[in-house]
Amino acid sequence: MSEHRRTSSEPAGTTESSRPARSARSRHRRGGKALTAGVPLALIAAGALGYGTDLGLFGAAGQATASAATAAAPAWATASADGFASVDALGQHGTYGGRDGRTVTVRTLADLEKYATAAEPYVIVVAATITMDPVGKEIKVQSDKTIVGSGTAGQIVGGGFFLGQGVHNVILRNLTIRDAYQGVWNDKEHDFDGIQMDGAHHVWIDHNDIRHMADGLIDSRKDTTYLTVSWNKLSQENKAFGIGWTDNVTADITIHHNWIRETEQRNPSTDNVAHAHLYNNFLEDVAGTDIKSSYGDYARGRTNMVLENSCFQGMTNPVIRDATATLVQRGNVFSGTSGRNESGGTGAAWDPGTYYAYTLDKAADVPALLKSGAGPRGSIGTVSRVAPAATTKATTKAAAATTLTVAKDGSGQYTTVQAAVNAVPANNPSRVVIAVKPGTYRELVKVPSDKPHVTIRGTGGSRKDTTIVYNNASGTPKPGGGTYGTGGSATVAVEADDFQARNLTISNDFDEGAHQDIAGQAVALRTAADKVFLDGVIVSGDQDTLLVDTASKDRLGRVYMADSYVVGNVDFIFGRATAVIDRSVITLKKRWNGTSAGYVTAPSTAAGRKGILINDSTVNGDVSDRSFFLGRPWHAGGDASLDPQSTVRNTTLSAAIRTAPWTDMSGFSWKDDRFAEYRNKGAGAGAASTDRPQLTDAQAAGQEVADWLGDWAPSPS
């Protein structure tokens, strides 16, 4: 797909020949025993995957390679599927992957392929970015495997997985599978799918991010059955999810809680499926991109589909069916859609609840739910829930967290964000979610240290819908005398541990050009706490945009930012915290006078601590070539005992980055501190030199996201 087709609204098919019909297969309903479902909906409704802290296993102390002695299976390895993948049939008792085998951790293509293609069961933990060679390679996964990403580190680039005839009991989970695209939007030459299944059964595809492939993201073909696809993000592709490719009507498939966006067709296209149960999915035609949907959910051939409590936003032809198909709609919502929206047919009515237990979320809640909960999570833990043995009706679960609502128009409990923060009781023991309705909130917000476990979440369809903004700068006079100083200029200040911000914009719009008479450092967001999770946000300013600090020099402060944007020009990601910028876009901005010059990071790390890690991200912007440094060492207050650290790895760098990307600051040489790159790409990347240190593979193995976060596994809540 060309770059212009992938422009975000944020800053900055053919059929195959049929094979002979297979013999009829027995269908066993779930009855007489309890189900173990793969996702606790009560936790998911609160925006959390509820995975616990088992990912601590993959920190520096617990790291194991595939060639080393294998570890005992952690609790999450016993998780089993929900939906049709949980049904006993074809000699298989549900889908539980490799839980009966050994657990191995892999970081290379050779090791991943070795264990995925083995005859015996394995739980395979992918703890690095693995690039397929050649491009388009699909590893032929064998039965009884769990392949799961370690936090957000498990990424497959340039290829995917293939499950052939008879392969069964496979779990693919918590992975990012991306970038096999070959430059042709409707690609009919390359068959480089993220996950392709030909005649497999009992497969669970859960909490993955699959995007930008060639041909399709997921293909379920040739009577693949007892398949559950849940909590995935599918995007940036002509064809999202195709199902079918034979005349047989034998497959049973569950598709729930998936976020499908920036895709044109097969969303999914479901051909000749005996029982297709689709519920709580979010199909979004994203405004402001060149990717336009041609249709949404499509019941083809003789498919019998039940479509429940899903949300369709901006889609063309959101729900369509062939004259031969049967499609029952219940509880779906449509916003800004056009064209065909169909149901009906003459097929026999069926109730998914007679095959397995399931829980419906309200359709109106689905967009926010999936934006916070779909795709890879920062942790993987135990996710089992025992459902009643006999159930025929779906129920709605309430959110577990306390929720306070903010709305400028008075329709919430509070009209300002700070008022809601003030309402949180001191030393609150559990999560409080401050749900902020769309609007611009011009105010200062401070979350004090005695109010932990607070989430501030925008409720709009985009992170740009809800904005908290102010315009103090370091030199702005305070009402009582003096000036605010850099830290005091922050629009939002977070001093409480276990804080989260999601789906909103935090900005400082100080006009530096109009106020050249005062110091212009103007912070949008300051964190001085541990376990701060910034998920799907925009943090925007000019100089000193994002200050990641700690409560004191001797205190640990960890910040994890994912799927977000940071905008600025001078030292705009800075401070002494242990901070990860992951899968995000760092947007370079011109100075107030139109010139291009700046520094991305200015770490002020204490000795023995981790500093700033930029991982699997993009650095770009409308600025001049070779005008920005990646960073410089900030020895705050001239403190020579500090040991600033910035690592930029697996990141796309635009031509704006200087060929010698690090520089000195205030008399301190960057070469005396810790600055390095690893496997960056793009016009701004460069080969190793004395001016451009690169990590070795061995060094890089100790500088991954899990090493930065230690025993903390961020999970949205």
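Residue numbers (our numbering): 1358 to 2074.
All residues carry an ideal CB built from backbone N, CA and C; glycine is no exception.
- Within the region 1608-1662, the complete beta strand (DSSP E) segments of 3 residues or longer fall at 1608-1613, 1616-1622, 1626-1628, 1630-1636, 1639-1641 and 1654-1657, listed in chain order.
- In the DSSP assignment, Thr1760 falls within the unbroken beta strand (DSSP E) covering Thr1759 to Val1763.
- Boundaries of the beta strand (DSSP E) harbouring Asn1865: Thr1862 to Asn1865, taken from the DSSP string.
- Here the alpha carbon of Val1606 sits roughly 15 Å from the alpha carbon of Gly1599.
- Secondary structure within the region 1822-1858: the beta strand (DSSP E) runs of 3 or more consecutive residues, fully enclosed, are 1823-1827 and 1849-1851 (chain order).
- Classified as exposed, Lys1835 has fewer than 16 neighbouring CB atoms from the shown chains inside 10 Å of its CB.
- Contact check for Gly1898 and Ser1864: beta-carbon distance about 7 Å, within the 8 Å limit, so the pair qualifies.
- Counting other Cβ atoms within 10 Å of its Cβ, Pro1724 reaches 16 or more and is therefore classed as buried.
- In this structure, Phe1856 lies away from Val1802, with their beta-carbon atoms at least 8 Å apart.
- Taking the C-beta atoms as reference points, Phe1549 is found nearer than 8 Å to Gly1516.
- Only buried fits Glu1665, as 16 or more other CB atoms lie within 10 angstroms of its CB.
- Distance from the Cα of Ile1552 is smallest, within the candidate group Gly1523, Gln2060, Phe1929 and Ala1571, for Ala1571.
- When Asp1457, Val1482 and Gln1499 are compared, the shortest CA-CA separation from Thr1465 is found for Val1482.
- Burial is judged here by how many other beta carbons sit within 10 angstroms of a residue's own beta carbon; Asp1874 has fewer than 16 and is exposed.
- Under the 10 Å beta carbon count, Gln2056 is surrounded by fewer than 16 other beta carbons and is classified as exposed.
- Of the candidates Trp1616, Arg1657, Ala1631 and Met1662, the residue whose Cα lies closest to the Cα of Asp1642 is Trp1616.
- For the 8 Å CB-CB criterion, Asp1906 and Gln1878 do not form a contact.
- Judged by DSSP secondary structure, Lys1728 falls outside any beta strand (DSSP E) and instead within the alpha helix (DSSP H) spanning Val1723 to Gly1730.
- Closest by C-alpha distance to Ser1437, out of Pro1491, Val1505, Val1461 and Ala1467, is Val1505.
- In the structure shown, Pro1709 falls within a helical segment according to DSSP collapsed to helix, strand and coil.
- For Lys2028, the number of other beta carbons within 10 angstroms of its own is below 16, and it is reported as exposed.
- Where Glu2034 is concerned, the enclosing beta strand (DSSP E) starts and stops at Arg2031 to Tyr2035.
- Taking 8 Å as the upper bound for CB-CB distance, Met1554 and Leu1520 are in contact here, some 4 Å apart.
- When Asn1926, Arg1883 and Lys1590 are compared, the shortest CA-CA separation from Val1916 is found for Arg1883.
- The shortest C-alpha to C-alpha distance from Ser1692 to any of Phe1669, Leu1945 and Asn1698 is the one to Phe1669.
- In this structure, the alpha-carbon of Gly1671 lies about 21 Å from that of Gly1893.
- Gly1732 sits buried, since 16 or more C-beta atoms from the chains shown fall within 10 Å of its C-beta.
- Your pair Pro1795 and Gly1767 does not check out as a contact, with CB atoms roughly 14 Å apart and the cut at 8 Å.
- Sequence-distant partners of Gly1696 (beyond 5 residues in either direction) whose C-beta falls short of 7 Å from its own C-beta, in its chain, are Thr1673 and Asn1674.
- Ala1858 has its alpha-carbon roughly 28 Å from the corresponding atom of Asn2037.
- Following the DSSP letters along the chain, one finds Val1541 in no beta strand (DSSP E), marked with neither H nor E.
- In its chain, beyond the 5 residues on either side, Ile1971, Leu1987, Glu2034 and Asn2037 have a beta carbon closer than 7 Å to the beta carbon of Val2005.
- Under DSSP, Asp1892 takes part in a beta bridge, and its partners are Arg1859 and Ala1919.
- Between Thr1935 and Gly1965, the CB-CB gap reaches or exceeds 8 Å.
- Bounds of the beta strand (DSSP E) holding Asn1977 are Thr1975 to Gly1978.
- Burial is judged here by how many other beta carbons sit within 10 angstroms of a residue's own beta carbon; Asp1609 has at least 16 and is buried.
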